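Peer 1: Whatever position you read off the sequence shown (first residue = 1), add 5 for this note's numbering.
Virtual Cβ for every residue (Gly too), placed ideally from N, Cα, C.
Just so it is clear, the structure is predicted and the values come from calculations on it, not from any experiment.
Here it is: the structure, laid out below.
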Amino acid sequence: MKFDYRFATMKFSKVYPLYIAKAARKNRSKEEVDQVICWLTGYNQSGLQQHIDQESSFETFFAQAPQIHPNSSLIKGMICGVRVEEIENPLVQKVRFLDKLIDELAKGKTLDKIMR
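Next comes the structure, spelled out in structure tokens:
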């Protein structure tokens, strides 16, 4: 898959409310969304909020992540017709991992199953 620079420059703070809205439509909470994001990235709540307030790009958000969870390699499945485990660009893969986790949350999976 060719690298798409939109992923690098897209503001995390612009996509974050969409994650919340997607989860809320399925009766999931902002707190659950935050928990999933923090699990993947290693951020705590204040670190996550800081990136939202600073309108960090996805590139900055993931570059400054304390630690991508070692079990993120267990995230599998399709997003936009592409298998997330086969995405070669590390930034695009991390963004799609997050998309996949939010999808799983919205589909009703328990946090235990999402946070492998």
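(1) Within the same chain, show all residues whose beta-carbon is closer than 7 angstroms to that of His56, passing over the 5 residues directly before and after it, in chain order.
(2) Taking 7 angstroms as the threshold (C-beta atoms), are Lys118 and Ile80 in contact?
(3) Going by C-alpha to C-alpha distance, which of Thr46, Pro75, Trp44, Pro22 sits closest to Lys35?
(4) Starting from Leu79 and walking both ways along the alpha helix (DSSP H), at which residues does that stretch end?
(5) Less than 8 angstroms between the CB atoms is what I'm expecting for Val97 and Phe12, so what's the real figure, rounded?
(6) Report the option in Glu64, Ala29, Gly52, Asn49 whose CA atom is closest to the CA atom of Glu109.
(7) Considering Gln54, what are the terminal residues of the alpha helix (DSSP H) in which it resides?
Peer 2: Quick look at the numbers:
(1) Taking the first residue of the sequence shown as 1, we reach residue 56 at position 51. For His56, the CB contacts under 7 angstroms within the same chain, skipping 5 residues up- and downstream, are Phe17, Phe66 in chain order.
(2) Counting from 1 along the sequence shown, the entry for residue 80 is found at position 75. Counting from 1 along the sequence shown, the entry for residue 118 is found at position 113. Not a contact, by the Cβ cut-off of 7 angstroms.
(3) Position 30 of the sequence shown, counted from the start, is the residue given in the question as residue 35. Lys35 has its Cα closest to that of Pro22, out of Thr46, Pro75, Trp44, Pro22.
(4) For the purposes of this step, residue 79 is taken as residue 74 along the sequence shown, with counting starting at 1. For Leu79, no alpha helix (DSSP H) segment is defined, and its DSSP state is neither H nor E.
(5) Here the question's residue 97 lines up with position 92 in the sequence shown. Here the question's residue 12 lines up with position 7 in the sequence shown. The C-beta distance from Val97 to Phe12 rounds to 5 angstroms, short enough to fall under 8 angstroms.
(6) In the sequence shown, the residue the question calls residue 109 occupies position 104. Measuring from the Cα of Glu109, the nearest candidate turns out to be Ala29.
(7) One-based indexing of the sequence shown puts residue 54 at position 49. That run of the alpha helix (DSSP H) goes 50-58.
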